[in-house]
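One structure below.
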Amino acid sequence: MIESVSPSQIEQFRREGFVHVSGFLSEDELTTWRQEIDAAVAQQRGGRSLDGTPAGNKDGHYANVFLQQMLLSRMSPGVHELMHNPQLGRIACDLAGIDAIRIWHDQALIKEPLSNATAFHRDVPFWSFDSHQAISVWVTLDDATLQNGCLYILPGSQTMTDFKPAGIGENMGELTAQYPVLADIEPVPVTVSAGDAIYIDGMVAHGAGPNMTTGYRRAMTCAYMPDGATFNGKRNILSDAYQASLSIGDVLDNDEELPRIFSRSMAVS
Ligand SMILES: O=C(O)CCC(=O)C(=O)O
Ligand SMILES: [Fe+2]
Numbered sequence: 263m264i265e266s267v268s269p270s271q272i273e274q275f276r277r278e279g280f281v282h283v284s285g286f287l288s289e290d291e292l293t294t295w296r297q298e299i300d301a302a303v304a305q306q307r308g309g310r311s312l313d314g315t316p317a318g319n320k321d322g323h324y325a326n327v328f329l330q331q332m333l334l335s336r337m338s339p340g341v342h343e344l345m346h347n348p349q350l351g352r353i354a355c356d357l358a359g360i361d362a363i364r365i366w367h368d369q370a371l372i373k374e375p376l377s378n379a380t381a382f383h384r385d386v387p388f389w390s391f392d393s394h395q396a397i398s399v400w401v402t403l404d405d406a407t408l409q410n411g412c413l414y415i416l417p418g419s420q421t422m423t424d425f426k427p428a429g430i431g432e433n434m435g436e437l438t439a440q441y442p443v444l445a446d447i448e449p450v451p452v453t454v455s456a457g458d459a460i461y462i463d464g465m466v467a468h469g470a471g472p473n474m475t476t477g478y479r480r481a482m483t484c485a486y487m488p489d490g491a492t493f494n495g496k497r498n499i500l501s502d503a504y505q506a507s508l509s510i511g512d513v514l515d516n517d518e519e520l521p522r523i524f525s526r527s528m529a530v531s
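The sequence shown begins at 263 in our numbering and counts up by one.
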């Protein structure tokens, strides 16, 4: 994995709300990530591996956007080790400009052959805290191309909208209809090679094209919360028991559900 991001990458992230980091994983690391994540996805799907079957015609639009395999790090020791790498946390802290970070959730997002597009959305409005310092890493396990569903981003949109909930609907224009200020921003496709990463500001508007190929577009993502963020009352990935114990404004500091993978005060160097 790369050691660190450069000042110009940090500057681009802060300005545009995303940055493409080429060569994020080494060849060996990419092989390991593919093995561990494929195995965890198959396990979570009751033993069903990816077998080239098209997304087909599952019930409802969203079911055909991608396979969304959540919280693989909680069931797979191998994925746990990959996601808890403090280096991932340090790079995310450097980009977001924060001192300590917790995992909000990890998920594999796999566009099967002939999957629908991912409509434009922001991530933070789904989550149980409001923050302009939330960030995700999106690591591609396959080349992500214009044909198979690469990400599209509205650069600079991370400061233009509020935290009001807005789901991922079926229509690409839904978010812009809610926030007309986004209408003049040209969406930027971000084509990337397997083993690259894209860091995404939690508030930047982003989506992805459909997969118009016979192959998979596999991505492994991890979403991060700045340490110290507070509960906003929304329901997302917290356990029923933890959710029930919280009042709005409480600091989200449960180390089991929201592991703090990096803190500058704990870092040796
Ligand atoms: O992979 C995709 O199609 C969408 C990714 C995304 O929205 C995310 O990682 O937050
Ligand atoms: Fe997203």
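We treat Cβ as the ideally placed atom computed from N, Cα and C, and that holds for glycine.
None of these values were measured; they are calculated from a predicted model.
The secondary-structure analysis by DSSP pairs residue 329 across a beta bridge with 372.
Distances from the CA of residue 267 to each of 335, 367 and 351 were compared; the closest alpha carbon is that of 351. Nearest C-alpha to residue 491 among 373, 520 and 338: 520. Going by DSSP, residue 466 is part of no alpha helix (DSSP H) at all; its letter is neither H nor E.
Leaving aside the five residues that flank residue 450 on each side, the residues in its chain whose CB is nearer than 7 Å to its CB run, in chain order, 414, 415 and 417.
Per DSSP, reduced to three states, the secondary structure at residue 394 is coil, with no helix or strand assignment. Here residue 382 really is in contact with residue 467; their C-beta atoms are around 5 Å apart, less than 8 Å. In this structure, residue 367 has its beta carbon at no less than 7 Å from each heavy atom of ligand 2.
In this structure, DSSP gives residue 295 a helical state, which the three-state scheme calls helix. Bridge pairing for residue 400: 460 and 483 [DSSP]. Shown here for residue 422: same chain residues with a beta carbon closer than 6 Å to its own, the five before and five after excluded, namely 443 in chain order. Three or more beta-carbon pairs separated by less than 8 Å are not found between the segment 362-381 and the segment 271-289, which leaves the two stretches without contact. Each of 515, 277 and 475 was checked against the Cα of residue 493, and the nearest Cα belongs to 515. In chain order, 396, 464 and 465 place their CB closer than 6 Å to the CB of residue 386, counting only its own chain and leaving out the 5 sequence neighbours on each side.
Assigned with DSSP and collapsed to three states, residue 380 falls in strand. Residue 302 sits close to residue 337, with the two beta carbons spaced by under 8 Å. Here residue 428 carries a coil assignment [DSSP, helix/strand/coil]. Here residue 472 is not near residue 435, since their CB atoms are 8 Å or more apart. With a cutoff of 7 Å, residue 383 counts as near ligand 2, since its C-beta is closer than that to a heavy atom of the ligand. Cβ-Cβ distances below 7 Å link residue 510 to 493, 494 and 495 in the same chain, with the five nearest sequence neighbours on each side left out; the list follows chain order.
At least one heavy atom of ligand 2 is found less than 7 Å from the C-beta of residue 468.
Cβ contact annotation for residue 526 (same chain, cutoff 6 Å, sequence separation greater than five): 361, in chain order. Rounded to whole angstroms, residue 297 and residue 508 show a C-alpha spacing of 37 Å.
DSSP places residue 524 inside the beta strand (DSSP E), whose first and last residues are 522-525.
For residue 357, the secondary structure class from DSSP, reduced to helix, strand or coil, is helix.
Residue state for residue 272 is assigned as helix, using DSSP reduced to three classes.
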